[in-house]
Amino acid sequence: MLAVVRLLLMAIAMILISIISCCYCLFKPFHRDNVYHAARGVSLLSKLVGIEVEVRISKEIAQLSPVVYVANHQNNYDLLTMSHAVRPSTVSVGKKSLKWIPFFGQMYWLTGNILIDRVNTSKAINTISMTAEKIREKRLSVWLFPEGTRSNGRGLLPFKTGAFRTAIQANVPIVPICASNQQGNIKLNRWHNGKVIIEFLAPIYADDGSREGIRNTADIVHALMKEKIAQLSAEAALEDKPSLT
Numbered sequence: 001m002l003a004v005v006r007l008l009l010m011a012i013a014m015i016l017i018s019i020i021s022c023c024y025c026l027f028k029p030f031h032r033d034n035v036y037h038a039a040r041g042v043s044l045l046s047k048l049v050g051i052e053v054e055v056r057i058s059k060e061i062a063q064l065s066p067v068v069y070v071a072n073h074q075n076n077y078d079l080l081t082m083s084h085a086v087r088p089s090t091v092s093v094g095k096k097s098l099k100w101i102p103f104f105g106q107m108y109w110l111t112g113n114i115l116i117d118r119v120n121t122s123k124a125i126n127t128i129s130m131t132a133e134k135i136r137e138k139r140l141s142v143w144l145f146p147e148g149t150r151s152n153g154r155g156l157l158p159f160k161t162g163a164f165r166t167a168i169q170a171n172v173p174i175v176p177i178c179a180s181n182q183q184g185n186i187k188l189n190r191w192h193n194g195k196v197i198i199e200f201l202a203p204i205y206a207d208d209g210s211r212e213g214i215r216n217t218a219d220i221v222h223a224l225m226k227e228k229i230a231q232l233s234a235e236a237a238l239e240d241k242p243s244l245t
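With the first letter of the sequence shown counted as 1, position 40 gets the number 40 in the working numbering; the numbers rise by one all the way through.
Encoded structure:
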């Protein structure tokens with residue numbers, strides 16, 4: 001019964017947040033901080049699901065902009081947890097089909113996120129150049145999921161290189177964002193669903209634009225994130241243990 005009530009309340013809340021955000025965007029269409037403000041609203045839904053979210057970011061990284069953020073992508077609950085970590089002047093890159101989702105899709109588009117066509121390879125390549133240009137001209141930071149899809153409990157999947165190519169073309173650092181494991185920990189029929197820890201790692205500067213150099217940078221970031229995610233997951237599990245038994 002609790003799960004049904006939660007799903008109903010989340011649907012209503014998401015519709016309201018989307019409508020309010022769209023109305024706000026009509027006065028400031030595609031403004032650099034629209035995504036940040038919308039994310040603040042969406043992040044409130046984590047309390048509705050019973051998830052505690054802790055974001056760890058140093059003062060130096062918080063002031064660093066523009067950058068390319070690369071984060072692990074676990075499941076649909078990322079929308080509720082990762083939204084806590086969205087920084088001002090940041091947009092995300094998502095698939096074009098998102099804009100057709102009622103209410104949410106219109107909010108996603110109007111807030112200024114970048115939509116790409118994953119089916120068309122040539123368009124996807126052009127998107128890297130377009131994204132890099134927006135970073136340089138508008139001083140925007142960009143949030144990407146280099147795995148390219150949700151991992152759904154399979155661990156950190158291999159990285160695609162688009163995010164790293166974008167960073168090199170825009171001449172900005174890469175900042176990894178690691179979230180502790182939430183796959184299988186969230187049950188809508190349970191009042192408390194534990195804690196998710198999100199941590200920003202130190203920036204990485206990539207200057208080798210060759211195919212081998214980009215691949216090497218992606219592998220280095222992948223290894224760093226995999227290790228940190230394991231640490232954060234162990235820490236979160238230890239803190240959650242009393243409430244999950």
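Every residue, glycine too, gets a C-beta built ideally from N, C-alpha and C.
To which residues of the same chain is residue i closer than 6 Å at the C-beta, ignoring the five residues directly before and after it?
{"i": "VAL67", "result": "SER141, VAL172, PRO173 and VAL175"}
{"i": "HIS84", "result": "SER43, VAL53 and VAL55"}
{"i": "GLU217", "result": "Residue identity differs from the one stated: residue 217 is Thr in this sequence, not Glu. Contacts found: PHE164 and ALA206."}
{"i": "SER243", "result": "Confidence at SER243 is low in this model, with a pLDDT of 48, below 50, so its placement is unreliable and the value that follows should be read with caution. Cβ neighbours of SER243 beyond the five flanking positions: HIS192."}
So which of the options has the shortest CA-CA distance to residue i?
{"i": "GLN248", "options": "THR81, ARG139 and ASN113", "result": "Because the chain in this structure spans residues 1 to 245, residue 248 falls outside the shown range and cannot be described."}
{"i": "GLY160", "options": "SER151, ALA170 and PHE145", "result": "Note on identity: in this sequence residue 160 is Lys, with Gly being the wrong assignment. The residue with the shortest Cα to Cα distance from LYS160 is PHE145."}
{"i": "LEU224", "options": "ALA202, ILE17, PRO88 and ILE51", "result": "ALA202"}
{"i": "MET14", "options": "LYS96, SER89 and PHE104", "result": "PHE104"}
{"i": "HIS31", "options": "ILE17, TYR77, ASP78 and TYR108", "result": "TYR108"}
{"i": "ALA163", "options": "GLY153, TYR205, ILE186 and GLU199", "result": "TYR205"}
{"i": "HIS192", "options": "ARG215, ALA218, MET1 and ASP240", "result": "ASP240"}
{"i": "VAL91", "options": "ALA237, SER65, TYR77 and SER97", "result": "SER65"}
{"i": "LYS228", "options": "ALA218, ILE197 and LEU79", "result": "ILE197"}
{"i": "CYS178", "options": "ILE220, ASN126 and GLN231", "result": "GLN231"}
{"i": "GLU137", "options": "SER97, SER89, MET1 and GLY153", "result": "SER89"}
{"i": "GLY153", "options": "LYS96, ASN126 and TYR77", "result": "TYR77"}
Using the Cα positions of residue i and residue j, report the straight-line distance between them to the nearest angstrom.
{"i": "SER210", "j": "ILE168", "result": "10 Å"}
{"i": "LYS99", "j": "ASN189", "result": "30 Å"}
{"i": "GLY155", "j": "PRO102", "result": "31 Å"}
{"i": "VAL70", "j": "SER58", "result": "17 Å"}
{"i": "ASN75", "j": "LYS28", "result": "31 Å"}
{"i": "ILE128", "j": "LYS134", "result": "10 Å"}
{"i": "ALA3", "j": "SER233", "result": "25 Å"}
{"i": "VAL86", "j": "ILE186", "result": "22 Å"}
{"i": "GLN182", "j": "HIS222", "result": "19 Å"}
{"i": "GLU147", "j": "ILE116", "result": "15 Å"}
{"i": "LEU16", "j": "GLY213", "result": "45 Å"}
{"i": "THR81", "j": "LEU8", "result": "19 Å"}
{"i": "ASP299", "j": "THR149", "result": "Limits of the chain in this structure are 1 at one end and 245 at the other, which puts residue 299 out of reach."}
{"i": "ILE220", "j": "MET1", "result": "45 Å"}
{"i": "LYS96", "j": "LEU238", "result": "39 Å"}
{"i": "ASN258", "j": "PRO158", "result": "Since the first and last residues shown for the chain are 1 and 245, residue 258 lies out of range."}
Using a Cβ-Cβ cut-off of 8 Å (strictly less than) and excluding sequence neighbours within five positions of residue i, which residues of its own chain qualify?
{"i": "THR131", "result": "VAL93, ILE114, VAL142, THR166 and ALA170"}
{"i": "THR245", "result": "In this predicted model, THR245 has a pLDDT of only 42, less than 50, meaning its place in the structure is not dependable; the value taken from the coordinates is given anyway. Once the five neighbours on either side are set aside, THR245 has no close Cβ partner at all."}
{"i": "ASN34", "result": "SER21, TYR24, CYS25, LYS28, LEU110, THR111 and GLY112"}
{"i": "GLN106", "result": "SER18, CYS22 and LYS99"}
{"i": "ALA236", "result": "SER180, ASN181, GLY194, LYS195, VAL196 and ILE197"}
{"i": "ARG215", "result": "THR161"}
With the cut-off set at 8 Å, would you say residue i and residue j are in Cβ contact?
{"i": "SER180", "j": "HIS73", "result": "no"}
{"i": "ILE51", "j": "GLY194", "result": "yes"}
{"i": "PHE200", "j": "ILE61", "result": "yes"}
Within the same chain, show all residues whose beta-carbon is closer than 7 Å to that of residue i, passing over the 5 residues directly before and after it, in chain order.
{"i": "LYS226", "result": "LEU156"}
{"i": "MET10", "result": "LEU45 and LEU48"}
{"i": "ARG6", "result": "LEU48, VAL49 and LEU188"}
{"i": "LEU79", "result": "VAL42"}
Checklist entry - Do the segment 33-53 and the segment 11-22 meet, that is, are 3 or more Cβ pairs less than 8 Å apart? => result yes
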